[in-house]
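Residues 1 to 206 in the working numbering are what the sequence shown spells out, letter by letter.
Every residue, glycine too, gets a C-beta built ideally from N, C-alpha and C.
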Amino acid sequence: MIIAIDGPAASGKGTLARRLARHFGLHHLDTGLTYRAVAAALLARGLPLGDEEIAISAACNLDLSRLDRDVLSAHEIGEAASRIAVLQGLRDELVRLQREFAGREPGAVLDGRDIGTVVCPDAPVKLYVTASPEVRARRRTDELLSKEKPADYASILADLKKRDERDSSRSVAPLKPAEDAHLLDTSEMDIEAAFKAAVDIVEQAR
Ligand code: C5P
């Protein structure tokens, strides 16, 4: 059983993926963290973000069991991740690790940008989770404020739009719904309603 979940930044796909994995007893991989971990390793060592060989060697040392969103959540890391995500050789290596993870028994939920289109094109259930940029920026702002971190709605909105644009317009594995993905627009839904809608979609597909 593989559930592929894609969508733009702060669409709520991560929360949904975690909850679906728990509900159906599956493993979960937030693939954004694989790009973030490579970016963080390069930033920490002051290495260039555009060098494919260096990025690939950082990817080869990744331990998927040690990825932690709290450690990798910084804004600069997300930006750097989106920059290195255009390197085809790096993507090939990360996709290889992600597919290995997807093959674990009894199955897995993977969330990211290209799961339904590239990583697991044969997944029996694909969801494309989205929400308007304004709603996503509001959620991200509230999330940061609830953790007592600084958050400015206007700059968060501008950054989200910039990152969406970069992720959707790149030539390699651009962010887009797979043809057979179920669209889930959560602009008007809270997390409980979104979760229920997602469970219904998965149940129907099984
Ligand atoms: O999901 P998250 O914001 O952590 O992802 C960080 C960046 O990693 C994204 O903006 C995107 O450029 C890249 N990414 C990707 N493919 C994935 C997951 C993330 O290109 N499957």
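Are residue 191 and residue 12 touching if we call contact CB-CB under 8 angstroms?
yes
Leaving out five residues before and five after residue 106 in sequence, what residues of the same chain have Cβ atoms less than 8 angstroms from its Cβ?
1, 25, 26
Within 10 angstroms of its Cβ, does residue 82 collect 16 or more other Cβ (buried), or is it exposed?
buried
Heavy atom of ligand 1 less than 7 angstroms from the Cβ of residue 3, yes or no?
no
Any heavy atom of ligand 1 closer than 7 angstroms to the Cβ of residue 130?
no
Could you tell me which residues DSSP puts in a beta bridge with residue 4?
110, 126
According to DSSP, what are the bridge partners of residue 185?
130
Taking the Cβ atom as the reference point for each residue, do residue 112 and residue 123 lie within a distance shorter than 8 angstroms?
no
Residue 207 and residue 9 closer than 8 angstroms at C-beta
Because residue 207 is not part of the residues shown, which for the chain are 1 to 206, the question remains open.
Let me know if residue 74 comes out buried or exposed under the rule of 16 or more other beta-carbons within 10 Å of its beta-carbon.
exposed
Rounded C-beta distance between residue 108 and residue 35? I'm assuming under 8 angstroms.
18 angstroms between Cβ atoms; not a contact.
The alpha helix (DSSP H) spanning residue 94 covers which residue range?
88 to 102
Check the DSSP bridge columns for residue 27 and list the partner residues they point to.
108
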